[in-house]
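Working notes for the structure below.
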DNA sequence: TCGTATACCTTACATGACAAGGTATATCGT
DNA sequence: ACGATATACCTTGTCATGTAAGGTATACGA
């Protein structure tokens, strides 16, 4: 049983993570879930019930756009890609994250101990 | 006008930040607010309306303990200090944060570009 | 035929920041 | 004397968001 990352941390990272994954090209929900797990070395696992609303929000806000696609096996997937607005948001999210991360690392010893 | 850090990021960092600040010794709400600003180089500013409920939660959960103190000037302050439970929680929060941070940094270029 | 993986979606609930309001004292400038 | 600002704490109403749990459907291997 893996201890889950606490939900506020998921909330803080979901948008930049999804946007960032999409800088690598189109992707879809189920694949993004696996990407997150892979990128974190298995330490972070998202529930699909959390991801789909995130994707809908990002699309509603114009940060990503989606298109339905049928695979050869007959499965339907919704592929998303980053918009220009999404790229701008990602840059701001990354800056905000790093500001907070810097403050945390400072508080965790100010560069001396771990 | 400073652009505020978005609220999910505040929610994710508030507990580890407060607990971490208290590893440096007792402190109180108003001072913690200034510490956060200082540690972030002025980039992160918390509202007091957000911090006080955080402190109450942490105390309720036994991660910190508070005591009222009167200063020489007649001001009342509530000083908080870290408990052993709080130290354990801080270690878990730090591990969780770093797991997510690592995944984000991976997604932000995999170690190559910025 | 049954379980697992793939692939999407929704709702009820609890949590937590934000905005805005409140109380009170001390200090400093005019 | 008075007003503004800093210090120092608190609470309430509103909104956003994850979690848990449920749903639908197809493909594939045992």
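Residue numbers (our numbering), protein chains in the order written: chain E, 1 to 114; chain H, 1001 to 1114.
Each residue gets a CB set at the ideal place from its N, CA and C atoms; glycine is no exception.
The structure presented is a predicted model; accordingly, all values stated were derived computationally and were not measured.
- In this chain, residue 1042 (chain H) is not harboured by any beta strand (DSSP E), its DSSP state being neither H nor E.
- Between residue 1015 (chain H) and the set H:1097, H:1074, H:1076 and H:1072, the nearest pair of CA atoms involves H:1097.
- One alpha carbon belongs to residue 1068 (chain H), the other to residue 1038 (chain H), and they sit about 25 Å apart.
- Under the three-state reduction of DSSP, residue 79 (chain E) is assigned to strand.
- Interface with chain E (8 Å Cβ-Cβ cutoff): residue 1101 (chain H) is included.
- For residue 12 (chain E), at least one C-beta of chain H is nearer than 8 Å to its own C-beta.
- Around residue 89 (chain E), the same chain offers 63 as residues with beta carbons nearer than 6 Å, after the five sequence neighbours per side are excluded.
- Under the DSSP assignment, residue 55 (chain E) falls in the alpha helix (DSSP H) whose first and last residues are 48-60.
- Within 10 angstroms of the beta-carbon of residue 1009 (chain H) lie 16 or more other beta-carbons, which makes it buried.
- Closer than 8 Å to the CB of residue 1060 (chain H) there is not a single CB belonging to chain E.
- Taken atom to atom, the span from the alpha-carbon of residue 1032 (chain H) to that of residue 65 (chain E) is near 42 Å.
- Taking a C-beta distance under 8 Å as the contact criterion, residue 27 (chain E) and residue 1107 (chain H) do not qualify as a contact pair.
- The Cβ of residue 57 (chain E) sits no closer than 8 Å to any Cβ of chain H.
- Against chain E, the beta carbon of residue 1052 (chain H) has no neighbour under 7 Å; the closest one sits roughly 17 Å away.
- Taking C-alpha positions only, residue 1080 (chain H) is separated from residue 1053 (chain H) by approximately 14 Å.
- Separation of residue 35 (chain E) and residue 1077 (chain H) (C-alpha to C-alpha, rounded to the nearest whole angstrom) is 48 Å.
- Between residue 1007 (chain H) and the set H:1074, H:1024 and H:1051, the nearest pair of CA atoms involves H:1051.
- Looking at the DSSP output, residue 65 (chain E) shares a beta bridge with E:81.
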